[in-house]
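Student: I have a structure here, written as structure tokens, and I will follow up with some questions on it.
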Amino acid sequence: MPGPDIERVFRAEYGRAVSILVRVFGDIDIAEDAVQDAFARAAERWPADGLPPSPAGWIITTARNQAIDRLRREASRSDRHAQAALLHAGPEGGRSVAGGTGYGEEGPVRDDRLRLLFTCCHPSLSPAAQVALTLRLLGGLTTEQIAHAFLVPEPTMAQRPVRAKGKIRDARVPYRVPGEADLPGRLAAVLAVVYLIFNEGYTASTGDELTRPDLCAEAIRLGRLLATLMPDEAEVMGLLALMLLTESRRAARTAPDGSLVLLADQDRSRWDRGLIAEGQALVRRCLRRGHPGPYQIQAAINAVHSDTAPRRTPGATDWDQILQLYDQLLAVAPSLVVALNRAVAVAEVSGPAAALALVDELGAAPGPGTGPGLAGYYLFHAIRADLLRRLGRPADAAAAYDAALARTANAAEQAFLRHQRDQLSTPT
Amino acid sequence: MPQYLLSMYQPDGDPPPPEVLGPIMRKVSAWNQDLRDAGAWVFTAGLHPASTATVVRSQHGDVVMTDGPFAEGKEHLGGFTVISVPDLDAALEWGRRISEITTLPCEVWPLRMSDGG
Chain A
19 MPGPDIERVF
29 RAEYGRAVSI
39 LVRVFGDIDI
49 AEDAVQDAFA
59 RAAERWPADG
69 LPPSPAGWII
79 TTARNQAIDR
89 LRREASRSDR
99 HAQAALLHAG
109 PEGGRSVAGG
119 TGYGEEGPVR
129 DDRLRLLFTC
139 CHPSLSPAAQ
149 VALTLRLLGG
159 LTTEQIAHAF
169 LVPEPTMAQR
179 PVRAKGKIRD
189 ARVPYRVPGE
199 ADLPGRLAAV
209 LAVVYLIFNE
219 GYTASTGDEL
229 TRPDLCAEAI
239 RLGRLLATLM
249 PDEAEVMGLL
259 ALMLLTESRR
269 AARTAPDGSL
279 VLLADQDRSR
289 WDRGLIAEGQ
299 ALVRRCLRRG
309 HPGPYQIQAA
319 INAVHSDTAP
329 RRTPGATDWD
339 QILQLYDQLL
349 AVAPSLVVAL
359 NRAVAVAEVS
369 GPAAALALVD
379 ELGAAPGPGT
389 GPGLAGYYLF
399 HAIRADLLRR
409 LGRPADAAAA
419 YDAALARTAN
429 AAEQAFLRHQ
439 RDQLSTPT
Chain B
123 MPQYLLSMYQ
133 PDGDPPPPEV
143 LGPIMRKVSA
153 WNQDLRDAGA
163 WVFTAGLHPA
173 STATVVRSQH
183 GDVVMTDGPF
193 AEGKEHLGGF
203 TVISVPDLDA
213 ALEWGRRISE
223 ITTLPCEVWP
233 LRMSDGG
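Those sequence lines, one after another, are chains A and B. Residue numbering for the first sequence follows our numbering, beginning at 19 and increasing consecutively. Residue numbering for the second sequence follows our numbering, beginning at 123 and increasing consecutively.
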């Protein structure tokens, strides 16, 4: 009985417990060790004693008491680190969870998980470290799980949170929600980390499987948490809606053999209507706010796609509206990738010839910095190939499919591209 | 209170002409004064060009000297400031301001403090 119970409590409460303990002791390692100890103790006790009335409260109290006992032992051996942590915890030994942070002024929102999230996504940390730390401290994922999810060797992945925690400690990265002035920029970094986790789950960048559902579930869980903690931020709502609407198509996106199915060819009866309803409701709330941002507009585009009823054909998609939304997206968040996606909508509204002209123009544009531009991006070639196919230029299309194939390491995407290429009619 | 080393890195070669450098240096002075007014200033120094530096290495009892700075490159340490502020965000904000003034990158590096901070 308690095995799944502990697992469920762990998934739901690990991040909250760690974030509270970080505030109490001012130290991430102490907090992590204590919370892990508390769950180990729960695994011993709960099977015999049954689930406590408040499992989360039990974990937090147990972790706090264990940490204090351990720190007292270490402090008596004149361990200065332990002394500092006890001092941070205050005269009552950290029992006043509602107390101050000891780190100066409060942000506009008082929730420890939010503080921890902003600390994990601090701009002084590399994006890879931000992702690893967020999954570990707020999601409770082990190094092994994170390494597996990102197909990074475990020793490499193990280094990231260790280094990041060392930097947070030594450079004194503050444990707080940024003030109003810094909030937009800092929140954008947090949203980027959550969306990065989601995207890596939705289209695994390498490996045999197209998706890694665990990462998507974790990103959506973080998105829901953010939406609860920052209900006034329209972009937070937009990101959650975008993830829910994208996730709603997961089952329809892969064929039984694991290969990729394009949006236009998907069996719409396999879309998750519950997720679509939730995502569309969020999009409508965003629209009422009237502060559009990149995530909200992308969510709106996905909401239009989802509008197509189960038994209606893809032709029923309102491409005019999608194109308008892409125009809006390009205005608020101009990028070559957005322009490329817009070209796909142009193909539906004005035909493949107009779209191909746009795509070729984009392909000639230089990338950001010294980057390779769109020519290094597999989707650029895949989209070009599809447009060339529709224009009746199979030889050119085949070459473009080959170019796309050379630029993705995902086996499901490769299989799809090969299939498309082999379907081309041989030129006479 | 934690302390941070703020290092300014500048390209080697001639400094900008006086009409460009003058206004920048006035703003740098104002930044220094702001640091003092905020009680955050600890120490500041500007350096002569990297070509004036010498690296001294003691090897097996011999001393080997090398003309020039330790790190090869097109940019070198031009000056540094030590500040004392509550946390990294505060240090990064002072770094952001000086980088904006000088248009040079500023490296923010926490000092290892003897009191365990």
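The C-beta atom is built at its ideal place from N, Cα and C for all residues, glycine as well. Keep in mind it's a predicted model, so treat the numbers as computed, not measured.
#1: So A:Leu-156 packs on A:Leu-240, CB below 8 Å; how close in whole Å?
#2: DSSP three-state call for A:Gly-369: helix, strand or coil?
#3: Can you list, in chain order, the residues of the region 266-300 of chain A whose Cβ is nearer than 7 Å to any Cβ on chain B?
#4: Which parts of the region 262-345 of chain A are runs of the alpha helix (DSSP H), unbroken and 4 residues or longer, counting only runs that do not cross its ends?
#5: Considering B:Ser-129, what are the terminal residues of the beta strand (DSSP E) in which it resides?
#6: Quick check: what's the CA-CA separation for A:Phe-168 versus A:Arg-230?
#7: In terms of residue numbering, what span does the alpha helix (DSSP H) encompassing B:Val-207 cover?
#8: Can we say the region 88-97 of chain A touches the region 190-204 of chain A, given the rule of at least three CB pairs closer than 8 Å?
#9: Output the distance between the C-alpha atoms of B:Thr-188 and A:Ile-164, rounded to the nearest integer angstrom.
#10: Please confirm if B:Asp-209 has its CB atom under 8 Å from at least one CB of chain A.
#11: Please report the straight-line C-alpha distance between A:Thr-264 and A:Asn-320, rounded to a whole angstrom.
#12: Can you give me the start and stop residues for the alpha helix (DSSP H) that A:Val-53 sits inside?
#13: Which residue or residues does DSSP assign as beta-bridge partners of B:Ser-180?
#14: Classify B:Lys-196 as buried or exposed, calling it buried when 16 or more other Cβ atoms lie within 10 Å of its own Cβ.
#15: Can you give the beta carbon distance from A:Ala-403 to A:Ala-422, rounded, assuming they're within the 8 Å contact cut?
#16: Could you confirm whether any beta carbon from chain A is found closer than 8 Å to the beta carbon of B:Pro-227?
#17: Would you decide whether A:Gln-316 is buried or exposed? Buried here means 16 or more other CB atoms lie within 10 Å of its CB.
#18: B:Arg-148 to A:Thr-174, Cα distance in whole Å?
#19: Output, in sequence order along the chain, the residues in the region 181-192 of chain A whose CB is closer than 8 Å to any CB in chain B.
#20: With distances taken Cα to Cα, identify the nearest neighbour of B:Ala-167 among B:Thr-203, B:Gln-132 and B:Leu-226.
#21: For A:Arg-178, collect the residues of the same chain with a Cβ closer than 7 Å to its Cβ; drop the 5 residues on either side in sequence, then sort them by chain order.
#22: Who are the neighbours of B:Leu-157 on chain A, taking C-beta pairs under 7 Å?
#23: Measure the beta-carbon distance from A:Leu-209 to A:Glu-253 and round it to whole angstroms, keeping in mind my assumption that it falls under 8 Å.
#24: Going by beta carbon distance, what residues of the same chain come within less than 7 Å of B:Pro-133, once the five residues before and after it are set aside?
#25: Which residues does DSSP pair with B:Pro-232 in a beta bridge?
#26: For the region 67-84 of chain A against the region 23-33 of chain A, are there 3 or more C-beta pairs whose distance is under 8 Å?
#27: State yes or no: is the beta carbon of A:Ser-72 nearer than 8 Å to at least one beta carbon in chain B?
#28: So the candidates are A:Asp-129, A:Glu-218, A:Ser-142 and A:Arg-291; which of them puts its Cα closest to the Cα of A:Val-170?
#29: Closer than 9 Å, Cβ to Cβ, to anything on chain B: give me those residues from the region 140-153 of chain A, in chain order.
#30: From A:Ala-207 to A:Ala-427, what distance separates their C-alpha atoms?
#31: By a C-beta neighbour count over all protein chains shown, 10 Å radius and 16 as the cutoff for buried, is A:Gly-122 buried or exposed?
#32: Looking only at its chain, what residues have a beta carbon closer than 8 Å to the beta carbon of A:Leu-214, apart from the 5 residues adjacent to it on each side?
#33: Check whether the region 262-281 of chain A and the region 428-438 of chain A are in contact - that is, three or more C-beta pairs closer than 8 Å.
#34: Per DSSP, which residues does B:Thr-166 bridge with? Please list them.
#35: Give the straight-line distance between the Cα atoms of A:Gly-112 and A:Ala-81, rounded to the nearest whole angstrom.
#36: Report yes or no: is there a C-beta of chain A within less than 8 Å of the C-beta of B:Pro-138?
Tutor: Short version:
#1: As a working note, residue 156 of chain A is residue 138 in the first sequence. As a working note, residue 240 of chain A is residue 222 in the first sequence. Correct: roughly 7 Å between the Cβ atoms.
#2: The residue labelled residue 369 of chain A in the question sits at position 351 within the first sequence. It is coil, neither helix nor strand.
#3: Of all residues in the region 266-300 of chain A, none has a Cβ within less than 7 Å of some Cβ in chain B.
#4: Uninterrupted alpha helix (DSSP H) stretches at least 4 residues long and entirely within the region 262-345 of chain A occur at 268-271, 291-307 and 312-325, given in chain order.
#5: The sequence position of residue 129 of chain B within the second sequence is 7, counting from 1. Note, B:Ser-129: beta strand (DSSP E), 125-133.
#6: Along the first sequence, one-based indexing puts residue 168 of chain A at 150. Along the first sequence, one-based indexing puts residue 230 of chain A at 212. If you take the alpha carbons of A:Phe-168 and A:Arg-230, they lie about 9 Å apart.
#7: Along the second sequence, one-based indexing puts residue 207 of chain B at 85. Unbroken run through B:Val-207: none, as it is neither H nor E.
#8: No, the region 88-97 of chain A is not in contact with the region 190-204 of chain A.
#9: By 1-based counting over the second sequence, the position of residue 188 of chain B is 66. By 1-based counting over the first sequence, the position of residue 164 of chain A is 146. A straight-line Cα-Cα distance of about 46 Å links B:Thr-188 and A:Ile-164.
#10: Here residue 209 of chain B refers to the residue found at position 87 when the second sequence is read from its first residue. Put simply, the CB of B:Asp-209 is near chain A, with a gap under 8 Å to one of its CB atoms.
#11: For this step, residue 264 of chain A is matched to residue 246 along the first sequence. For this step, residue 320 of chain A is matched to residue 302 along the first sequence. Between A:Thr-264 and A:Asn-320, the C-alpha separation is close to 7 Å.
#12: The residue labelled residue 53 of chain A in the question sits at position 35 within the first sequence. Here the alpha helix (DSSP H) through A:Val-53 covers 46-67.
#13: Stepping through the second sequence from its first residue, residue 180 of chain B is reached at position 58. DSSP links B:Ser-180 through a beta bridge to B:Val-185.
#14: For the purposes of this step, residue 196 of chain B is identified with residue 74 of the second sequence, where counting begins at 1. Classification of B:Lys-196: exposed, given that the 10 Å Cβ count is below 16.
#15: Sequence index remark: in the first sequence, residue 403 of chain A carries index 385 (1-based). Sequence index remark: in the first sequence, residue 422 of chain A carries index 404 (1-based). Confirmed, Cβ separation roughly 6 Å.
#16: As a first step, residue 227 of chain B is located in the second sequence; it is residue number 105 there, counting from the start. B:Pro-227 is outside the set of residues whose beta carbon lies under 8 Å from a beta carbon in chain A.
#17: Within the first sequence, numbered from 1, the residue matching residue 316 of chain A stands at position 298. So A:Gln-316 counts as buried.
#18: Reading the second sequence from its first residue, position 26 is the one you call residue 148 of chain B. Reading the first sequence from its first residue, position 156 is the one you call residue 174 of chain A. For B:Arg-148 and A:Thr-174, the gap between their C-alpha atoms comes out near 47 Å.
#19: Flagged, chain order: Asp-188, Ala-189, Arg-190, Val-191 and Pro-192.
#20: Taking the first residue of the second sequence as position 1, residue 167 of chain B is located at position 45. Minimum Cα-Cα distance from B:Ala-167 among the listed residues B:Thr-203, B:Gln-132 and B:Leu-226 corresponds to B:Thr-203.
#21: Working through the first sequence from its first residue, we reach residue 178 of chain A at position 160. Ala-146, Ala-147 and Ala-150, listed in sequence order.
#22: Locating residue 157 of chain B in the second sequence gives position 35, counting from the first residue. None at all; the shortest Cβ gap to chain A is about 18 Å.
#23: As a first step, residue 209 of chain A is located in the first sequence; it is residue number 191 there, counting from the start. As a first step, residue 253 of chain A is located in the first sequence; it is residue number 235 there, counting from the start. Rounded, the Cβ-Cβ distance is 6 Å, consistent with contact.
#24: On the second sequence, residue 133 of chain B is found 11 positions in, with the first residue counted as 1. Non-local beta-carbon contacts of B:Pro-133 in its own chain, meaning distances under 7 Å to residues more than five positions away in sequence, involve Lys-196 and Glu-197 in chain order.
#25: Along the second sequence, one-based indexing puts residue 232 of chain B at 110. Answer by DSSP bridge pairing, in chain order: B:Tyr-126.
#26: By the Cβ test, the region 67-84 of chain A is in contact with the region 23-33 of chain A, since at least three Cβ pairs between them sit closer than 8 Å.
#27: By 1-based counting over the first sequence, the position of residue 72 of chain A is 54. Judged by the 8 Å Cβ criterion, A:Ser-72 is not in contact with chain B.
#28: Counted from its first residue, the first sequence places residue 170 of chain A at position 152. Checking every option, the nearest Cα to that of A:Val-170 belongs to A:Glu-218.
#29: Shown in chain order are the members of the region 140-153 of chain A whose Cβ falls below 9 Å from a Cβ of chain B: His-140, Pro-141 and Ser-142.
#30: Numbered from 1 along the first sequence, position 189 holds the residue referred to as residue 207 of chain A. Numbered from 1 along the first sequence, position 409 holds the residue referred to as residue 427 of chain A. If you take the alpha carbons of A:Ala-207 and A:Ala-427, they lie about 27 Å apart.
#31: Position 104 of the first sequence, counting from 1, holds the residue named residue 122 of chain A. Unreliable positioning characterises A:Gly-122 in this predicted model, as indicated by a pLDDT of 33, which lies under 50. The coordinate reading is nonetheless provided below. The C-beta of A:Gly-122 has fewer than 16 other C-beta atoms within 10 Å across all chains shown, which makes the residue exposed.
#32: Here residue 214 of chain A refers to the residue found at position 196 when the first sequence is read from its first residue. Excluding residues within five positions, the ones whose Cβ falls inside 8 Å are Pro-145 and Val-149.
#33: With the cut-off at 8 Å, the region 262-281 of chain A and the region 428-438 of chain A touch.
#34: In the second sequence, residue 166 of chain B corresponds to position 44, counting from 1. DSSP, once it has assigned bridges, lists B:Thr-203 as partnering B:Thr-166.
#35: Sequence index remark: in the first sequence, residue 112 of chain A carries index 94 (1-based). Sequence index remark: in the first sequence, residue 81 of chain A carries index 63 (1-based). With a pLDDT of only 45 at A:Gly-112, under the threshold of 50, the placement of this residue in the model should not be trusted; the figure read from the coordinates follows. Going from the Cα of A:Gly-112 to the Cα of A:Ala-81 covers about 11 Å.
#36: Here residue 138 of chain B is taken as the residue at index 16 of the second sequence, counted from 1. Chain A, which has no Cβ nearer than 8 Å to the Cβ of B:Pro-138, makes this no.
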